[in-house]
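Peer 1: Structure below; questions to follow.
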Amino acid sequence: MEGKVGQLSDIGQFIKPGSSVAIGGAWLCNHPMAIVREIIRQQIKDLTVMTIVGSIDIDLLLGAGLVKELYFSFVSLEAFGLAPNFRRAIEGQQIAFQEISGLAMILGFEATGRGVSFLPYGGPVGSDYLKMRPDFYKMIKCPFTGQDLVAVPALKPDVAIIHAQKADLEGNIQIEGTSGSDVDLAKAADKVIVTVEQIVSSEQIRAEAAKTKIPRFYVDLVIHAPLGAHPTSCVPEYVMDAWHVMEYMKLAQKPESFQQYVQRYITGSSEEEYLELLGAEKRSKLKKLVGEARLLS
């Protein structure tokens, strides 16, 4: 390991069976898919997974049977349909789960980052959340105005896994495009693992210091993983691979065919072989399409 830069195989030093893992990204953007695939290869089980807006990352881990409990506000493959393994796991009562509003989860992570045990906000008064989760949502009064507020507890994952565009050897992380709640996850977790498209010099990091969203003192392991968010997007590097997501959705409809996907793309392949399976033409096309989209915008 040079500086904080290691290999995908090193994640097992931080993510242990029974760990709580917060997963970055949102919708079909910037999920740390290379790490998700490696978790499946290493069969790291009994995980408590936390996601604000989950996608194929969560569906894969659920289908692989590695999740014991799920904290979430939303899990879907958007225009491609409902997440099949997620739906089976919830409907079949295969896992414990905590459904929490997105803002409440963000505040829970932010509370840990700020070093406080809870944070208050104005909602979701009037919804059934307070009735369904009285253990999580607590009504309090503002000590200054007397206003009724809702307090949510701090959320502290053992590990946060995030994908970004650039890092240096010291672990300074630069995020371009959307960062979602990745910075809050990094501040909340005990350990932080980040995959990046490029490892660059510290001089390059300092030259564009405003892009450094997660400084080195939060980061424990950096992994160079080109296309590490695939099949989700990593703008401005590449777009979401709609063709691959459609293939996934077709195979994930049934547990038996889902295992065919896992064998072909994950357990039967290293990460380097996974990229080879995509093909050079596909990889080039995904990068070209994001360039064309930027020109149109």
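In our numbering, each residue's number is its place in the sequence shown (first place is 1) plus 89. Backbone N, C-alpha and C define an ideal beta-carbon position, used for all residues, glycine too.
#1: So who's on the other strand from residue 160, going by DSSP bridges?
#2: Within the continuous alpha helix (DSSP H) that includes residue 322, where are the two ends?
#3: Excluding the 5 residues preceding and the 5 following residue 172 in the sequence, name in chain order all residues of the same chain whose CB lies nearer than 6 Å to its CB.
#4: Restricting to Cα atoms, I'd like to know which of 238, 140, 110 is closest to residue 116.
#5: Write down every uninterrupted run of the beta strand (DSSP E) in the region 191-251 whose length is 3 residues or greater and which is fully enclosed by it, in chain order.
#6: Tell me whether residue 377 is buried or exposed, calling it buried when 16 or more other Cβ atoms sit within 10 Å of its Cβ.
#7: Report yes if the C-beta distance between residue 311 and residue 256 is below 8 Å; otherwise report no.
#8: Please report the distance separating the alpha-carbon of residue 235 from that of residue 188.
#9: With DSSP collapsed to three states, give me the class of residue 311.
#10: Measure the alpha-carbon distance for residue 179 versus residue 134 and round it to whole angstroms.
#11: Run through DSSP, which three-state label would residue 376 get?
#12: Between which two residues does the beta strand (DSSP E) containing residue 110 stretch?
#13: Whose C-alpha, out of 242, 239, 324, 155, is nearest the C-alpha of residue 265?
#14: Taking only the alpha-carbon atoms, compute the straight-line gap between residue 326 and residue 205 and give it to the nearest angstrom.
#15: With three or more beta-carbon pairs closer than 8 Å as the criterion, would you say the region 203-217 touches the region 284-292?
#16: Judging by CA-CA distance, which residue of 142, 307, 145, 136 is the nearest neighbour of residue 154?
#17: When the Cα atoms are used, what is the spatial distance from residue 272 to residue 123?
#18: Residue 334 and residue 145 look like a contact to me (Cβ under 8 Å); what is the Cβ gap, rounded to whole Å?
#19: By the 10 Å Cβ neighbour count, where 16 or more other Cβ atoms means buried, how is residue 104 classified, buried or exposed?
#20: Are there three or more Cβ pairs, one per stretch, closer than 8 Å when the region 108-115 is compared with the region 239-248?
#21: Going by DSSP, name the residue or residues bridged to residue 255.
#22: Output the distance between the C-alpha atoms of residue 230 and residue 194, rounded to the nearest integer angstrom.
#23: Taking C-beta to C-beta, are residue 360 and residue 126 nearer than 8 Å?
Peer 2: Per the coordinate set shown:
#1: 139, 187
#2: Taken as a continuous stretch (DSSP letters only), residue 322 belongs to no alpha helix (DSSP H), as it is neither H nor E.
#3: 148, 164, 165, 166
#4: 140
#5: 207-210, 227-230, 237-242
#6: exposed
#7: yes
#8: 29 Å
#9: strand
#10: 18 Å
#11: helix
#12: 109-112
#13: 324
#14: 36 Å
#15: no
#16: 136
#17: 19 Å
#18: 7 Å
#19: buried
#20: yes
#21: 263, 287
#22: 21 Å
#23: yes
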